[in-house]
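**Student:**
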Amino acid sequence: MRTVTVSIARTVEDCWNAFVDHTAWLRWVPGLRSAELVEFDLGALPREVRFLFGSGLEYSLLYSYEPANRLVHWEPAGGEGRRTGVTGYASFRAGEDGTTELEYAIDHEPDRKAAERALDNPQQVAEAFARYMHEDRP
480 MRTVTVSIAR
490 TVEDCWNAFV
500 DHTAWLRWVP
510 GLRSAELVEF
520 DLGALPREVR
530 FLFGSGLEYS
540 LLYSYEPANR
550 LVHWEPAGGE
560 GRRTGVTGYA
570 SFRAGEDGTT
580 ELEYAIDHEP
590 DRKAAERALD
600 NPQQVAEAFA
610 RYMHEDRP
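This is the structure in structure tokens:
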């Protein structure tokens with residue numbers, strides 16, 4: 480699993496809320512064309528989301544959360560005829576002076592094409608989220 484860490488000049492709470500807001504993913508996930516909510520979990524967080532990327536890559540992921548630890552995991556949703564997707568996690572820890580350390584990790588299925596793996600480059604995804612958080616937002 481490839482893991483990267485980036486520092487974000489926003490609070491853990493701000494980062495967590497933005498990361499789990501599936502309606503914002505189109506604004507920061509590189510190459511993402513749509514993120515369709517399939518199901519919420521009991522805590523009103525996205526449980527299953529179906530993704531479509533600009534390259535035509537499509538898959539669904541299942542999410543699980545540890546809100547108290549500011550940790551989210553994802554894994555392929557499976558099901559006949561669906562792409563396998565990726566496995567990974569994101570964790571948010573308080574840094575110095577109100578900043579946040581995002582640890583972002585992702586693992587690909589071995590049969591994924593190089594172009595598909597490039598869409599989920601953990602460094603690019605984590606940096607894209609950091610840029611999104613650094614924009615002039617409330």
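Numbering follows the numbering used here, in which position 19 of the sequence shown is assigned residue number 498; successive positions increment by one, without gaps.
Yeah, the Cβ is synthetic: ideal placement off N, Cα and C, and Gly gets one too.
Going by the CB atoms, is the gap between T490 and T579 shorter than 8 Å?
**Tutor:** With contacts defined as CB atoms closer than 8 Å, T579 and T490 qualify as a contacting pair.
**Student:** By how many angstroms is the C-alpha of R549 removed from the C-alpha of L511?
**Tutor:** 24 Å
**Student:** Using 8 Å as the cut-off, can you tell me whether the stretch 532-543 makes contact with the stretch 496-512, which would need three or more C-beta pairs spanning the two stretches below that distance?
**Tutor:** At 8 Å Cβ cutoff, the stretches touch.
**Student:** Just to check my reading of the structure: E537 and V528 have Cβ atoms closer than 8 Å, yes? What is that Cβ distance to the nearest angstrom?
**Tutor:** About 12 Å separates the two Cβ atoms, so there is no contact after all.
**Student:** For the beta strand (DSSP E) holding A584, just list the boundary residues, first then last.
**Tutor:** 579-587
**Student:** Tell me which residue opens and which closes the beta strand (DSSP E) that W495 is part of.
**Tutor:** Counting along the chain, W495 falls outside any beta strand (DSSP E), though it belongs to the alpha helix (DSSP H) covering 491-498.
**Student:** Hey, is V565 close to the ligand ADP, as in C-beta under 7 Å from one of its heavy atoms?
**Tutor:** With respect to the ligand ADP, the structure offers nothing, as it holds no ligand at all.
**Student:** Please classify P546: is it buried, with 16 or more other beta-carbons within 10 angstroms of its beta-carbon, or exposed?
**Tutor:** exposed
**Student:** Which value, in whole angstroms, describes the spacing of the CA atoms of E588 and A556?
**Tutor:** 13 Å
**Student:** Scan the stretch 509-545 and note each continuous beta strand (DSSP E) run of 3 residues or more that stays entirely inside, going in chain order.
**Tutor:** 511-519, 525-532, 537-545
**Student:** Tell me which residue opens and which closes the alpha helix (DSSP H) that H552 is part of.
**Tutor:** Counting along the chain, H552 falls outside any alpha helix (DSSP H), though it belongs to the beta strand (DSSP E) covering 550-555.
**Student:** Mark A497 as exposed unless 16 or more other C-beta atoms lie within 10 angstroms of its C-beta, in which case mark it buried.
**Tutor:** buried
**Student:** Would you call G564 buried or exposed, if buried means 16 or more other Cβ atoms sit within 10 Å of its Cβ?
**Tutor:** Buried is the label assigned to G564, since at least 16 other Cβ atoms lie within 10 Å of its Cβ.
**Student:** Nearest-angstrom Cα distance between G560 and T482?
**Tutor:** Per-residue confidence for G560 stands at a pLDDT of 49, beneath the threshold of 50, marking its modelled position as unreliable; no derived number is given.
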